[in-house]
Amino acid sequence: MKNICVVGVGYVGIVTAACFADLGNSVVALDVNEKKIEDLKNGKMPIYEPGLKEVIDRNMEAGRLRFTTSYEEGLKKAYFIFIAVGTPSGVDGEADLQYVASAARSISEVMKKDSIIINKSTVPVGTGDWVTDIINEHNPEAPGFSVVSCPEFLREGSAIQDFMNPHRIVVGSLDEDAADKVAQLHLPLRAPIVVTDLRTAEMIKYASNAFLATKISFINEIANICEDLGADVTEVANGMGFDSRIGPYFLRAGIGYGGSCFPKDVKALAYMAEEKGRHPQLLHSVMDINTDRRRMAVEKLKSMFDDNTLTGKKIGLLGLSFKPNTDDMRDAPAITIANLLLKEGAQVLAYDPIAMEEAAGILPSVKMVENPYKMSEGCDALMVNTEWNEFQQLDLERIREAMRQPLVFDGRNIYDPNQMNELGFKYRGVGRGYNGRKINEESA
Ligand code: UGA
Numbered sequence: 002m003k004n005i006c007v008v009g010v011g012y013v014g015i016v017t018a019a020c021f022a023d024l025g026n027s028v029v030a031l032d033v034n035e036k037k038i039e040d041l042k043n044g045k046m047p048i049y050e051p052g053l054k055e056v057i058d059r060n061m062e063a064g065r066l067r068f069t070t071s072y073e074e075g076l077k078k079a080y081f082i083f084i085a086v087g088t089p090s091g092v093d094g095e096a097d098l099q100y101v102a103s104a105a106r107s108i109s110e111v112m113k114k115d116s117i118i119i120n121k122s123t124v125p126v127g128t129g130d131w132v133t134d135i136i137n138e139h140n141p142e143a144p145g146f147s148v149v150s151c152p153e154f155l156r157e158g159s160a161i162q163d164f165m166n167p168h169r170i171v172v173g174s175l176d177e178d179a180a181d182k183v184a185q186l187h188l189p190l191r192a193p194i195v196v197t198d199l200r201t202a203e204m205i206k207y208a209s210n211a212f213l214a215t216k217i218s219f220i221n222e223i224a225n226i227c228e229d230l231g232a233d234v235t236e237v238a239n240g241m242g243f244d245s246r247i248g249p250y251f252l253r254a255g256i257g258y259g260g261s262c263f264p265k266d267v268k269a270l271a272y273m274a275e276e277k278g279r280h281p282q283l284l285h286s287v288m289d290i291n292t293d294r295r296r297m298a299v300e301k302l303k304s305m306f307d308d309n310t311l312t313g314k315k316i317g318l319l320g321l322s323f324k325p326n327t328d329d330m331r332d333a334p335a336i337t338i339a340n341l342l343l344k345e346g347a348q349v350l351a352y353d354p355i356a357m358e359e360a361a362g363i364l365p366s367v368k369m370v371e372n373p374y375k376m377s378e379g380c381d382a383l384m385v386n387t388e389w390n391e392f393q394q395l396d397l398e399r400i401r402e403a404m405r406q407p408l409v410f411d412g413r414n415i416y417d418p419n420q421m422n423e424l425g426f427k428y429r430g431v432g433r434g435y436n437g438r439k440i441n442e443e444s445a
């Protein structure tokens with residue numbers, strides 16, 4: 002059993018705290034947000050994440066997991082101090098490190114004994130050294146400590162599963178003893194451990210996210226070409242994925258990536274490169290392609306109407322969150338899409354299994370409806386933004402009958418074009434040039 006403090010109970014922090022407690026450690030999760038901590042003490046989760054509440058309840062009951070707003074209390078016994086605070090985008094796309102700095106200062110004020118400070122947040126290359134400087138400058142009397150980078154690779158929606166079954170653990174530090182201790186702490190996860198220096202570890206995180214974002218923009222570019230040439234991008238991706246050098250993952254074409262990570266991290270990496278005088282063309286293309294997806298979705302929907310206008314049309318959105326199994330609306334494509342539709346003069350309704358409450362504050366002009374069937378009533382078109390499981394087997398006949406016009410734009414390719422055509426829908430997916438018919442019968 003190790004004594005751990007996790008600073009910051011955002012997505013990464015709360016999952017890190019819960020999972021390390023579940024592995025048998027004694028964990029204090031700390032946040033300066035009193036409401037969040039109060040809610041957690043009362044069993045209320047700050048985020049929707051499958052399985053998280055069960056793990057937290059179990060470990061609170063066992064006395065292995067506690068919550069506090071006090072650094073004194075959090076650091077009293079801690080040897081491993083994780084920094085997992087937010088690093089939002091600054092005005093120019095750079096990562097805003099004010100929360101990291103303030104956590105480092107607070108830690109330096111109360112740390113009483115030797116400890117290891119582990120950066121879990123996605124932070125610009127060089128931040129580990131900077132945190133060391135902040136602590137030394139803020140409290141020259143601080144006891145011995147070492148800063149280690151250990152970036153997190155979990156995904157929202159499968160966070161517990163990802164944390165407990167990582168593809169790899171990256172440990173960055175030139176302090177061999179500290180690196181070894183952090184590696185030992187992760188041994189129960191039975192993953193390959195990559196030990197390297199601080200800056201390289203920080204870069205591994207950015208490079209990984211940027212690469213995954215690149216895969217998505219790549220397949221979205223291919224999707225555009227498929228549409229023009231009458232091919233089906235879902236089958237192209239399937240055919241490519243069997244090549245182990247390519248792999249089958251992150252090749253789902255659609256309305257582009259969103260969330261709190263890819264958009265922010267690709268931007269921050271480009272910013273870091275530019276600061277050094279580089280012109281990171283590939284990263285800019287990845288971002289441009291992604292931004293275009295949202296506009297493209299609205300243009301495509303518009304072109305499905307004979308009168309080529311969205312003015313006065315009633316459009317129902319299936320899904321709002323940036324991906325399934327989360328209520329996270331940060332940089333969700335649905336936000337841009339809904340706003341563009343409204344700007345075009347459409348009336349916009351939406352249904353999402355989990356994210357409607359969160360979305361209502363962001364999209365006040367969109368009418369949230371309690372289920373997809375009610376939402377479809379009188380709609381001129383539906384648009385799929387999130388591939389929630391429950392959309393796969395909707396009673397589509399019932400939906401079609403409820404609609405004023407049976408148009409569906411499927412931004413996540415969850416439906417089969419042939420079946421949709423058979424059901425009497427005018428259907429468009431993404432990158433499905435043949436659209437269930439031969440190219441000469443109907444061009445995409
Ligand atoms: C991403 C990474 O996958 C995690 O490894 C990383 O730890 C995390 O960022 C982070 O830096 O914190 P996450 O943003 O939770 O995780 O979600 P993903 O499952 O990666 O999806 C991101 C976006 O890409 C979603 O909008 C999703 O719809 C989109 N996507 C994903 C596609 O459009 N196509 C795909 O094939 C895959």
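Numbered per this note's numbering, the sequence shown spans residues 2 to 445.
A virtual CB, placed ideally from N, CA and C, is assigned to each residue, including glycine.
- Relative to the C-alpha of LEU31, which residue among ASN340, VAL16, THR70, LYS37 is closest? Here the question's residue 31 lines up with position 30 in the sequence shown. Relative to LEU31, the option among ASN340, VAL16, THR70, LYS37 whose CA is nearest is THR70.
- Message: Per the DSSP calculation, MET369 is bridged to which residue(s)?
- Response: As a first step, residue 369 must be located in the sequence shown, where it is residue number 368. In the DSSP secondary-structure assignment, MET369 is bridged to ALA351.
- Task: Check whether the stretch 260-267 touches the stretch 322-331, taking contact to mean three or more Cβ pairs, one atom from each stretch, closer than 8 Å.
- Result: At 8 Å Cβ cutoff, the stretches touch.
- Task: Would you check whether the ligand UGA has a heavy atom nearer than 7 Å to the C-beta of LYS324?
- Result: To locate residue 324, count along the sequence shown from 1; it is residue 323. Yes - the ligand UGA has a heavy atom lying nearer than 7 Å to the Cβ of LYS324.
- Query: When the Cα of VAL431 is compared with those of ASN210, GLY129, ARG295, PRO249, which residue comes out closest?
  - Reply: Position 430 of the sequence shown, counting from 1, holds the residue named residue 431. For VAL431, the nearest C-alpha among the options comes from ARG295.
- Please say whether VAL16 and LEU155 have beta carbons closer to each other than 8 Å? To locate residue 155, count along the sequence shown from 1; it is residue 154. To locate residue 16, count along the sequence shown from 1; it is residue 15. In contact: LEU155 and VAL16 (Cβ atoms closer than 8 Å).
- Beta carbon of PHE1: closer than 7 Å to some heavy atom of the ligand UGA? Nothing can be reported for residue 1: it is not among the residues displayed for the chain, which extend from 2 to 445.
- Query: Ordered along the chain, which non-local residues of its own chain (more than five positions away) have a Cβ less than 7 Å from that of MET165?
  - Reply: What you label residue 165 is simply residue 164 of the sequence shown in a count that begins at 1. Within the same chain, MET165 has close Cβ partners CYS20, LEU190.
- Task: State yes or no: is the C-beta of LEU342 within less than 8 Å of the C-beta of ILE316?
- Result: Residue mapping note: residue 342 aligns to position 341 of the sequence shown, counting from 1. Residue mapping note: residue 316 aligns to position 315 of the sequence shown, counting from 1. By the CB criterion at 8 Å, LEU342 and ILE316 fall inside the cutoff.
- Message: Would the stretch 145-161 count as touching the stretch 232-248 if we require 3 or more Cβ pairs under 8 Å?
- Response: Not touching, per the Cβ criterion.
- Three-way DSSP call (helix, strand, coil) for THR387 in this model: Within the sequence shown, residue 387 is the residue found at index 386, counting from 1. Three-state DSSP puts THR387 in coil, outside helix and strand.
- Looking at GLY129 and GLY94, is the spacing between their C-beta atoms short of 8 Å? Counting from one through the sequence shown, the residue named residue 94 turns up at place 93. Counting from one through the sequence shown, the residue named residue 129 turns up at place 128. For GLY94 and GLY129, no; Cβs fall outside 8 Å.
- Query: Nearest chain B C-beta to LYS265 closer than 8 Å, yes or no?
  - Reply: The question asks about chain B, but that chain is absent: this structure has only one protein chain.
- Item | Beta-bridge pairing of ASP411 - partner residues as DSSP gives them | Locating residue 411 in the sequence shown gives position 410, counting from the first residue. BP columns for ASP411 point to VAL385.
- VAL148 and VAL132 closer than 8 Å at C-beta: Walking along the sequence shown from the start, residue 148 turns up at place 147. Walking along the sequence shown from the start, residue 132 turns up at place 131. Taking the C-beta atoms as reference points, VAL132 is found nearer than 8 Å to VAL148.
- Query: Alpha carbon to alpha carbon, what distance is there between PRO281 and MET273?
  - Reply: Locating residue 273 in the sequence shown gives position 272, where the first residue counts as 1. Locating residue 281 in the sequence shown gives position 280, where the first residue counts as 1. Their backbone Cα atoms lie some 10 Å apart in a straight line.
- Task: Report back the beta-carbon spacing between LEU302 and ALA382 to the nearest angstrom; my notes put them in contact at under 8 Å.
- Result: Taking the first residue of the sequence shown as position 1, residue 302 is located at position 301. Taking the first residue of the sequence shown as position 1, residue 382 is located at position 381. Contact holds; Cβ gap of about 6 Å.
- Item | THR123 beta carbon near the ligand UGA (any heavy atom closer than 7 Å) | By 1-based counting over the sequence shown, the position of residue 123 is 122. Yes, the Cβ of THR123 comes within 7 Å of a heavy atom of the ligand UGA.
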